[in-house]
Structure formats: structure tokens, C-alpha cells
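In the numbering used here, the protein residues as written are 1439 to 1922.
Data block below; observations after.
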RNA sequence: GGCCCCGUCGUCUAGUGGCCUAGGACUCUGGCUUCUCAAGCCAGCUACGAGGGUUCGAAUCCCUUCGGGGCUGCCA
């Protein structure tokens, strides 16, 4: 009987979820779904100074937006709750006390200043800095003396001599000699737990089978394993560890605010599709093994496995994300595209959202679908449909001043005004006849001025389709406006 | 400094001893197409960090070295 896989995503939301968080969440999610297991969403908010309810809510929203659903956690609860560490403080206290009673941990009365001074000395002597074990075996007298001095003790875990050996699913066997794993603090004097205690206790209590997390936590793994041992967990019941490689910024350092955009909220505002973000992030450190790159969430679920995750860090490449996003946009149905584009148009105040506006947008979307890479671009692309008069952009003004441009515009007017049929085929043949056949112009020189007059820019969606959608009256008015 | 992790085109990657004169994707360059811009199509540039082994044969195995990163907290 194989145990059901239980992975967890356990961020400490001290800000908006960022790219690195989400890559981890995505892998946790994909692995749980791939194996038919469960994803547990836990909030590590033991540091309530930095983690706020607002950030927690935003994290929950971001996960939902991305489509990374969880089986236990905020909003839905579950049998191993609560899923906010700030609501589990009694649990951590219980275990810390038990470790004390069982002799795995001890009270440490050293002050921060004393520790710092001794660490400094260790560094000078070129020794490995770390707790020196001073309070390991305090006599009752010594302890009474410290208490009398008003010192409040932290609870510190004792690392026995020896080594910790475990198999990382991505990196293979890893060994840490305890010489380099000093005794560590489990609980502050005020009774608040530290990460190392809380994370290990919760992973055990929540029956986590697979811990997928960033490689920065690799060297803290021996400490967690020590907590499992103290809790009496059998080695075969330890969770499996898989330390994911970092996502790096442009400067070869871990991606951060300084070297790239990190906040997922920013990507959403720019008009990246959640499935594009997930698709791209999945490719950062993982590959399906063949040449496939454009994959759906369903394919990700069926193909994902931890063994295929790379061990080396990957640099975040905005250009590639954009390329994937463009592919995903082009693959959207018009109704889906419309649903996703509308919020950008309304929040940019291009439209207010009337039925007529939406109907026009819907008709215009097909001609811009393959021209945009981010949803946000619908704003500049469609703007000209929704203004009374276009303002000719700076760089196009000079072109329109040329004499030939004026000839083109008046010839266009004469050709267009008599049209009884106003569709792009009629518009195109009328203009071709007048400008190209009669005047002998090259297409780009012929249609350029008309494009600028109608859309305000020398770059626009296809001209004839645009004019059709704009309507005869408004198209002609715009050309006239520039002829005078 | 110590410990740990990592090292294939500019970037993400495929590659687990012969199928590799190293494949794909993004980027970039050139071309085709073309009403602009895109999209699409074609072509091109560019990589096994270095040095030693092992082997008939190494990107793949071993050693050394160099480089990058993480940790070394009463942060997570």
C-alpha cells in the first residue's frame, strides 16, 4: 500500500507572492495532482510583525488566479488544521516542552550579545561559527544564578555527534557532518517558535510526504530531521525532500526586486495569462523530456515528475515569457479573449462597458489577436476606435505634411465617399484602384497616410478591417480632418 | 574561512559511453510574404568552464582545478 502523496506550499507572505514562490507552488501543485495526492496550503506567519492579513489574503487570491487549487488550507480548512501557524502556537510549545523533558533540548541563557561576541572570536580563530554548547549541561546552581539575574532562556535543540544523511529527490544523497550543524534555537524566551521547529512539527503533523522547496533550505534540512527524530518519527516516515533550484535574475543573483520584476501581481497587471506564467515557470528547472514547450495545465499535470527537475539554477527570461504569452493569447477563443481583455479596457477608461462598446471590441479582437503579446496592449491597439478625433502621433506628423500625403488623402476621399457597400473588401478595392492603379503608388506609400489619418499612427491593425469596423462616416471624417 | 549545492549555445533546455560533425525553444541577424505592425515560413550566428585520467570510444564515468550560488541568526 503506497502512501497518498501530500505536498505543501508554505509561504511566509511578507509581501506579494513572487516568481520564486509561485514556481515552488506550481511544482508542489503539479506533483500533488500528477500523483492524485493532496496539496496542503499552509501560511507560515509566526512572524506577525512582517506577515499581515492583507498579504495572506493576496497570497490566497494569487493562488486562485493562477488556478493552483489546494485540498487543505485557508478558506477550506481540513483535518490537520489550523493551517495558519500563528494559530498553532500551543502545539509548538507542547513539543518544545517535550523535547526538554526528554533531554533532546535544553534551556539556553546566553544573551544575544554574548553569543555574538563568542561567534566573533570563533571567526578570528578560523573556527566554524556556531553555538558552542555552553548551556548544554548547566548545573542547578548555575541555572538558579542565571534566573536570579533575570535572564529568560530560549529552548535550544542539541545536535548529537554524528552525521545526517538523506536522499534529495533532485540532488541525490547529501551528507552533513554535525560538526557543522550547531545546536539551534527552537523557541524564543517569549514562547514563540522558530521556523525550524514549526516547519518540522507541522510537516509531521500534517502528514506531509514530499517537501518541495527552494534550495536555500537545503542546509537547514539536518535540523528538521533532528526534530523528526526527537518527535519519535520513524525514519521511513520522514518526508522526502526535493530542493528546487533557484530562479535567478539577470545579474546571476537570486531573482529579487533589484534585478527583475518579482511580484506576480505585476505580471497580472501587465496582461500575462495565468496559464502562460505557469507554462513558462514550469520550464524553469523542469522539462517534459521532449521538444514540447507550449503545454497546458492538464499536460503539465500528466507529465510532471520530480525526477525530471533540474538541479542547476535557471535565469528568468522575460522575452521567453512574452513569447509564450503571445502564443497563449493567439490560441484563445474570441469569447475568452474578450472576457480577459475587457478589464484592461475599462480600467484604462477606453470604454465604460456599454453593450455597443463591447460589441465593437468583440468584432475588433480578431484583427489584433496575433498582434499583441500582453493583454494590456489591447489598450493602445483599440484606443482609436473609441475616440471622437484621433490625435496624430508625434513621429507621423511630418509624414502627413508632405504634399504627396495630401494628394493621397483627397484621392482616397473621392474613392470612398461614393461607396454604397462599406466592408473591407470594397474599401480595399476602391483604394487600390484610386491610389495604386491610378496614381501608380507603392502600397506602403498609398495606404500609409490613410492609416495615419484613420488610426493616428503608422502602426495599426489591418487598415481596411479597421475602417470597416469604424464605419464609413467616422472613417471619412478622419480623413477629411487632415485634408483641410 | 568552513560546510553544502551547481556548471551544455546570450537565455531555458534535450542528452545517463557509440544514434552528437551536440537537437529544440526564446533572443539576435538576414531573407521570403506583405496595406503598417505582427503572425507565418526559410536560413544563419553561437555551447559541452579548464586540465588530467578510465575506455576502442566521453557532454555523459573518476580526480583535480576554476567559476557561480546558498548556508554559516533568538529570518524564513
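Heads up, the beta-carbon is just placed ideally off N, CA and C, and yes, glycines get one too.
Note that the structure is predicted; figures quoted are calculated from it, not measured.
Does the distance from the CB of residue 1594 to the CB of residue 1621 come in under 9 Å? Result yes, Cβ atoms of residue 1594 and residue 1621 sit closer than 9 Å.
Does the Cβ-Cβ distance between residue 1619 and residue 1634 come in under 9 Å? Going by C-beta atoms, residue 1619 is not nearer than 9 Å to residue 1634.
Beta strand (DSSP E) runs wholly inside the region 1729-1757, at least 3 long, in chain order: Counting only runs that start and end inside the region 1729-1757, there is no beta strand (DSSP E) element of at least 3 residues.
**Study point:** Segment limits, alpha helix (DSSP H) that includes residue 1799
**Key:** It spans 1793-1806 - the alpha helix (DSSP H) in which residue 1799 sits, taken as one unbroken run.
*asked:* So, at 6 Å on beta carbons, what are the nonlocal neighbours of residue 1765 in its own chain, with the 5 sequence-adjacent residues on each side left out?
replied: If you ignore the 5 residues before and after residue 1765, its C-beta comes within less than 6 Å of the C-beta of 1732, all in its own chain and listed in chain order.
What three-state label does DSSP hand residue 1592 in the structure shown?
Three-state DSSP puts residue 1592 in a strand.
(message) When you measure from the CB of residue 1492 to every non-hydrogen atom of the ligand FAD, does any distance come out below 8 Å?
(response) Inclusion of the ligand FAD in the displayed structure is not the case, the ligand content being empty and no account of it being possible.
Proximity below 9 Å, CB of residue 1759 to CB of residue 1710 | Taking 9 Å as the Cβ cut-off, residue 1759 and residue 1710 qualify as a contacting pair.
Query raised in the report: For residue 1727, is the classification buried or exposed, using 16 other Cβ atoms within 10 angstroms of its Cβ as the cut-off for buried?
Result: So residue 1727 ends up on the exposed side.
Practice item. Specify, as a first and last residue, the run of the alpha helix (DSSP H) that residue 1501 falls within. Key: Run containing residue 1501: 1491-1504, per the alpha helix (DSSP H) assignment.
*Straight-line gap, residue 1544 to residue 1683 (C-alpha atoms, nearest Å)*: Distance between residue 1544 and residue 1683, taken at the CA atoms: about 35 Å.
Requested in this report: Count the CB pairs spanning the region 1532-1543 and the region 1485-1498 that are closer than 8 Å, and state whether there are at least three.
Outcome: These segments do not touch.
What separation, rounded to the nearest whole angstrom, lies between the Cα atoms of residue 1487 and residue 1445?
In this model, residue 1487 and residue 1445 are separated by some 27 Å (Cα to Cα).
Burial state of residue 1927 (16 or more Cβ within 10 Å): With the chain covering only 1439 through 1922, there is no way to say anything about residue 1927.
| said: According to DSSP, is residue 1724 part of a helix, a strand, or is it coil? | reply: Strand, per DSSP.
Just tell me which of 1897, 1911, 1661 has its CA closest to the CA of residue 1857. Out of 1897, 1911, 1661, 1911 has the C-alpha closest to the C-alpha of residue 1857.
Specify, as a first and last residue, the run of the alpha helix (DSSP H) that residue 1674 falls within. From DSSP, residue 1674 is part of no alpha helix (DSSP H); its letter is neither H nor E.
For residue 1631, the residue or residues it bridges with in DSSP: Beta-bridge pairing links residue 1631 to 1625.
Consult DSSP for residue 1524 and reduce its assignment to one of helix, strand or coil. Residue state for residue 1524 is assigned as helix, using DSSP reduced to three classes.
**Study point:** Integer-rounded CB distance, given that residue 1482 should sit under 8 Å from residue 1636
**Key:** With 8 Å as the limit, residue 1636 and residue 1482 qualify as a contact, their Cβ atoms being about 7 Å apart.
Between residue 1649 and residue 1677, how many whole angstroms is the CB-CB distance? I'm expecting something under 8 Å.
The pair is a contact, with the Cβ atoms about 5 Å apart (cut-off 8 Å).
| query | Who are residue 1478's beta bridge partners in DSSP? | reply | 1446, 1510.
When the Cα of residue 1692 is compared with those of 1752, 1626, 1499, 1533, which residue comes out closest?
-> Out of 1752, 1626, 1499, 1533, the CA that lies nearest to the CA of residue 1692 is found in 1752.
Within its chain, find whatever has a CB closer than 7 Å to the CB of residue 1712; leave out the 5 residues flanking it on each side and keep chain order.
If we look at residue 1712 and ignore the five residues flanking it on each side, its Cβ neighbours are 1503, 1504, 1505.
Problem set entry | Limits of the alpha helix (DSSP H) - the one that residue 1774 falls within | It spans 1772-1785 - the alpha helix (DSSP H) in which residue 1774 sits, taken as one unbroken run.
Exercise for the section: Mark residue 1508 as exposed unless 16 or more other C-beta atoms lie within 10 angstroms of its C-beta, in which case mark it buried. Expected result: So residue 1508 ends up on the buried side.
Near residue 1899, what residues of its chain come up, given a Cβ to Cβ distance below 6 Å and the 5 sequence neighbours on each side ignored? Counting only Cβ-Cβ distances below 6 Å, and skipping sequence neighbours, we find 1805, 1806.
Residue 1681 in three-state terms, based on DSSP:
DSSP places residue 1681 within a strand segment (E or B) once states are collapsed to three.
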